[in-house]
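Participant: Dropping a structure here in structure tokens format, bear with me for questions.
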Amino acid sequence: MNIQTICLIISDTLRSATPLILAALGELVTEKSGVLNLGVDGMMVVGAVAGFIAASVTGNIYLRLFIALIYIRNSDCLDSCPANNYYG
């Protein structure tokens with residue numbers, strides 16, 4: 058393994074991990090404010106799948122972004138709905 062291969066592996070790892078790093082930083086900020094949301098990566102996956110389906114059906118990039126954001130927002134609202142929380 059030469060130095061070029063190692064540099065390529067490190068750069069690909071950082072490029073692939075950037076969305077998860079940003080989600081973790083956002084969760085860190087919200088956790089400091091007292092809100093605990095463990096479904097950040099799940100919301101990202103739901104938004105990505107919804108955006109992919111919207112893009113493959115319509116072919117419109119802006120509609121893909123809009124659909125992904127709507128699905129992320131709705132999954133966040135479903136997680137924070139008082140009916141879904143059980144305080145036993």
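In the working numbering, the protein residues as written are 58 to 145. Built from N, CA and C at the ideal position, the CB exists for glycine as well.
#1: Any idea what DSSP makes of Arg72, helix, strand or coil?
#2: Less than 7 Å between C-beta atoms, sequence neighbours within five positions excluded: which residues of the same chain meet that for Glu84?
#3: If I follow the unbroken alpha helix (DSSP H) through Ser90, where does it start and stop?
#4: Does the Cβ of Tyr119 have 16 or more other Cβ atoms within 10 Å, making it buried, or fewer, making it exposed?
#5: Kindly indicate which three-state DSSP category Met58 falls into: helix, strand or coil?
#6: Taking all protein chains shown into account, do 16 or more other C-beta atoms lie within 10 angstroms of the C-beta of Met58, making it buried, or fewer, making it exposed?
#7: Looking at Ala125: is its Cβ nearer than 8 Å to the Cβ of Gly108?
Facilitator: From the atom records:
#1: helix
#2: Asn94, Val97
#3: Run containing Ser90: none; DSSP gives neither H nor E here.
#4: exposed
#5: coil
#6: exposed
#7: yes
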